[in-house]
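No gaps in the numbering here: position 183 of the sequence shown is 978 in the working numbering, and each next residue is one more. Heads up, the thing below is written out as structure tokens.
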Amino acid sequence: MKRPDTVPANANWNPEDNQWELGQYNSANQKISRWQAWHADGHLTGTIDYRDGHPPFRCTGYHPDGTVSQEGDWYGGHQWKGTYRWIKSENPSTEPFPAGDGHDNPNVWIVEFDYTEEEAVYNAQRYFNKERQPVSVMGEPLPPRPASVPARAHFVHSSLTHNRKSCWVAGQINGSTGKFIDDYEEWDELGNLIVKRVYHHTTFQVLEEHQYRNEQRYQSIINGPGDQTLTSYFYENITPPVVKETIRAVNENKDRTYTFFDQTGKQLYSLRIEKIGEQHTKRYYNDILSYESDLTGDKINVHYYYPDGSVMIAYVSNDNDSGRWEYHENGKVVLTIVVDDEGKFKKDAACSAFLTPYADFTPTTAETDFELSATAFKKQHAVQEKEQRLAALPVPAFLEKELKKIEWTEVDVAMYGGDKLPVYINALFAGDEAVASIAADHIWLEIEHQGSIYEATYKVATIIARCRHHYKNVPVIYSRLMNFIFSILALPGIEDYKKFYKQLVKAFSDAQPELLDSANDTNDAVALKAYYMLLHAGRESNSTATFFHQQWTNQENSFTKRSYALFTLGELYLRTKQEERLVREFSALLDTASDKFIRLILALQLVMATKKQAQDKWLIEIVNAFADPVPFEENFNALHPYMGDYDAQEYMLMVLDFAKPDVLRENIVPIIEMLPHVNSLKQATLLDAICTILFPTASAFKKISPIQKQALFAMAEVMDRDVVFVNHKEVLDAYGLPGTTLALQQLAAK
């Protein structure tokens, strides 16, 4: 190896470490005093002060430009003690810097680890910028350290945590693996203890985890011995903590025991679920067998038991892909439930049909598992009896003709299939109100689900509309059918499927005369339903708009009827694409109207008609109403079903979203001021509105305006609180806004 000019002549080449070295040995051949090392290219890489041959040995590393790269006390081997420091260089360097998020972050310039007596273990880590100011591993300035957080704890940014919330962490780390060992603690940004853990010293597995809320332990998980896991949940606001429920899991989580306790710690009962195989399960209540299903063989073996071990419920197969459930009392079969499709047992675990889900058990559950299964069977038996009554009902010829026009097994439905819909539709026409109610419940399961509608939605409603006139002389049934049609028309998006919607409207368009009569009813509820149905049935009639205008201007009508008629008139114009007529009539009305709710209706419909071209004064009318919605809430609720699931403020925000952003920016202060004072669900709505208006793109962050500053501080106040129902950070993330109080405050201060 050629010696560079910068390396002393008496330095020796160390091929093992690939460096030049110079230093002294004592008589025992131990390194002593100051040793130096040079890189193969000739620059000094470090010095070690071996003193008299006994540790600590002070180590100092250097970058090629001569600046210090690291320093600390070495005790030989892999053992370090005290603070060890790494420092970056302004220039290219061959020197190491701890891996991790700070490695390539220009705001992280210095890292310090505090090593313990144990080899390669440190219990504190600190990060600094070039100015030696403390920062996080992400390079951001540290928030104030709460008094409850020890000095050795380090700050973890929300982007590095599983729950996306920043926290403080204290624990020991094995430097060789980067994994925690032994005791671990975690605090939220405000200093509230949230987690304690115990890690295995050598395997690094979590042995214990204790979670805290409001400084009280609410959950603990103990792993071991073996593959056992014991999870405990605690009552709130009881000191010292009292266990509410434990879950003991063994055998790879296939055997789980749920035990419940009262507030004194007394055991109430236990429920054990043992999975012996994929298709073999046992269940025990207070260690007494309550249920067993074994589907491993050719036969279906399913039994529910009484506490004395006798059979309560058993499945009996007919050996033709059908069977029956039998309910026993005193050894005799007293009730049966017919099963048409035995294949369901192995497809969807129908054998557990009479079991109460374990998640439904609580300390206040009074019935035993045995009693709950008996009750579930009897309820299902009662349903079967009612369905048999439904199936036995005669089908009128006119209805049978309509039903046969449709291949019900091919119709798109929500849940279980359309094959039984004809039975339920027929029962909806029954004179027995209880039977009709059961039928309606079954129908709704298939025609609507979580806001979605289906082909079956229209098919069912169209048949009812076509056949309803056969019952005009039976007021109870006729009213039921019309109310059902109204409920279908009230579904959000009912007009989206144009072809099916037109068929439905055509089927009951002949109802206009009777709807006009109902619209004049002294009962507002009856009249408003008629208004809404006329919007659909009479849409193509020129007289419909005239009628709504008369109803709205008729001072003898109640205010509810007048305001509903006005809103419906606006909807009629919008849905028939008469926006110009709406603007002409409603803008003239707004100029003279004095009632605030009427003015709000006019402004809402005008903005819906003009969207981005909406006049400023219309938008301001809505914003002012938004700031004080209480006077309007009762009247808004009366506008059902136009509002859908929106409350007054949410509906106004939806309409404002169509408008010009600059006008909204100038009038958004009332919305900002409201943000910290509403519930968490409403906060999510307001946050989304504020972000849409004030922070629509990345360019909105370049120069923070006073209004933006006010909004950011309001958001910071909200993020300070513990949000249970809504993750506000997800809303902020969508607009590129930080999700912590500190970061929002820092952005506001730009």
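The C-beta atom is built at its ideal place from N, Cα and C for all residues, glycine as well.
Selection from the options that minimises the alpha carbon distance to residue i
i     : options                    : result
N902  : P887, G934, Q920, Y910     : G934
D1227 : R1261, L1185, L1025, K1200 : L1185
I1417 : E1429, L1451, E907         : L1451
E1546 : N1081, K1196, Q1000        : This structure cannot settle anything about residue 1546, because the visible part of the chain is limited to 796 through 1545.
D1390 : V1001, H849, Q1373, F1427  : F1427
D1423 : L1434, G986, A1443         : A1443
C1138 : G1118, L1150, A1154, F1149 : Just to set this straight, residue 1138 is Gly in the shown sequence, not Cys. The shortest C-alpha separation from G1138 is found at G1118.
P941  : A919, L955, E981, A823     : E981
L1448 : I1488, E1047, N1430        : I1488
E1429 : F1490, T972, S1358         : S1358
F852  : G841, K1297, Y870, Q865    : Y870
S943  : L1216, A1322, V932, N987   : N987
H1547 : I1132, I1289, E913         : With the chain running from 796 to 1545 in the structure shown, residue 1547 is simply not present.
D1114 : I1108, K1094, V1106, E1121 : K1094
D1136 : K1061, S1112, H1123, V930  : S1112
D1103 : P1533, V1037, K1174, L1084 : L1084
T1026 : T1034, I1042, Y1446        : I1042
H1264 : P1533, F1303, G1365, K1174 : F1303
P1020 : F1029, Q1011, V1001, V1037 : V1001
I1108 : K1199, S1500, F1165, A1251 : F1165
Q1023 : D1050, F999, L985          : D1050
D1319 : F1354, F1295, N1349, K1294 : F1354
Residues bridged to residue i (per DSSP)
i     : result
G841  : A832, G856
E816  : N807, A832
I882  : I905
F950  : W963
Q1503 : Q1503 pairs with nothing; no bridge assigned.
P936  : V930
A919  : D909
E1243 : I1248
E1087 : K1077, H1098
I1201 : DSSP lists no partner for I1201.
D1390 : DSSP output for D1390 lists no bridge partner at all.
K1070 : T1076
S969  : According to the sequence displayed, residue 969 carries Asn and not Ser. Bridge partners of N969: V916, K974.
E890  : E890 pairs with nothing; no bridge assigned.
Contacts around residue i, its chain only, beta-carbon distance under 8 Å, and the 5 residues preceding and following it disregarded
i     : result
T801  : W833, G837, H838, L839
I989  : C962, E981, W982, D983, Q1006, Y1007, R1008
A1285 : Y1327, H1435, P1436
K1407 : F1453, A1454, K1455
R1370 : E1290, L1330, R1334
V1521 : Low per-residue confidence applies at V1521: pLDDT is 49, beneath 50, and the placement is therefore not dependable enough to give any value.
F1029 : Q1011, R1012, Y1013, Q1014, S1015, P1036, V1037, V1038, K1039
L955  : D896, V932, M933
Close beta carbons around residue i, own chain, < 6 Å, minus the five adjacent residues each side
i     : result
R921  : E907
Y1368 : R1376, L1377
N809  : E816
T1535 : S953, S961
D1483 : V1526
Y1219 : A1234, H1237, I1238
P1465 : A1422
Spatial neighbours of residue i in its chain, beta-carbon cut-off 7 Å, leaving aside the 5 residues before and after
i     : result
N805  : L817
A774  : Outside the shown range of the chain, which is 796 to 1545, sits residue 774, and nothing can be said about it.
Q825  : G848
I1201 : K1254
N1352 : Q1346
V1519 : Unreliable placement is indicated for V1519, whose pLDDT of 41 sits below 50; no coordinate value is reported for it.
I1132 : R1119, W1120, Q1175, H1176, Q1179
8 Å Cβ cutoff, residue i in contact with chain D
i     : result
N1268 : Judged by its chain identifiers, the structure shown contains no chain D, having just a single protein chain.
What beta strand (DSSP E) runs, 3 residues minimum, are completely inside the segment 1013-1056? Runs of beta strand (DSSP E) with 3 or more residues, each lying fully within the segment 1013-1056, are found at 1024-1029, 1038-1045, 1050-1056, listed in chain order.
Sufficient close CB pairs (3 or more, under 8 Å) joining the segment 1327-1342 to the segment 1303-1314: Because the criterion of three Cβ pairs below 8 Å is met, the segment 1327-1342 and the segment 1303-1314 touch.
Report task. Would you mind listing the alpha helix (DSSP H) stretches within the segment 1268-1310 that are 4+ residues and don't spill past its ends, in chain order? Result -> Counting only runs of 4 or more, we get 1270-1284, 1293-1303.
- Scan the segment 1428-1454 and note each continuous alpha helix (DSSP H) run of 4 residues or more that stays entirely inside, going in chain order. Note on the segment 1428-1454: whole alpha helix (DSSP H) runs with a minimum of 4 residues are 1443-1451, in chain order.
Check: Can you give, in chain order, each stretch of the alpha helix (DSSP H) that sits fully within the segment 1104-1176 and has at least 4 residues?
Finding: Qualifying alpha helix (DSSP H) stretches, in chain order: 1139-1143.
message: Any contact between the segment 960-978 and the segment 942-951? By contact I mean 3 or more CB pairs, one from each, below 8 Å.
response: They touch, by the three-pair rule.
Given 8 Å, three or more beta-carbon pairs between the segment 1452-1463 and the segment 1402-1420:
Yes: the two stretches touch, three or more of their Cβ pairs being nearer than 8 Å.
Is the segment 1498-1511 close to the segment 1531-1545, with three or more CB pairs under 8 Å? Short answer: they touch.
Notebook entry, point to check: Can we say the segment 1193-1207 touches the segment 1143-1154, given the rule of at least three CB pairs closer than 8 Å?
Noted result: Judged by pairs of C-beta atoms under 8 Å, the segment 1193-1207 does not touch the segment 1143-1154, as fewer than three such pairs exist.
Q: Ignoring anything shorter than 4 residues or poking outside the segment 1458-1485, list the alpha helix (DSSP H) runs there in chain order.
A: Here the runs fully enclosed are 1464-1469.
- Taking 8 Å as the threshold, find out whether the segment 1312-1324 comes into contact with the segment 1263-1273 through three or more Cβ pairs. Not touching, per the Cβ criterion.
Any contact of the segment 1110-1128 with the segment 1031-1049, i.e. 3+ C-beta pairs under 8 Å? Here the segment 1110-1128 does not lie against the segment 1031-1049, with fewer than 3 beta-carbon pairs under 8 Å apart.
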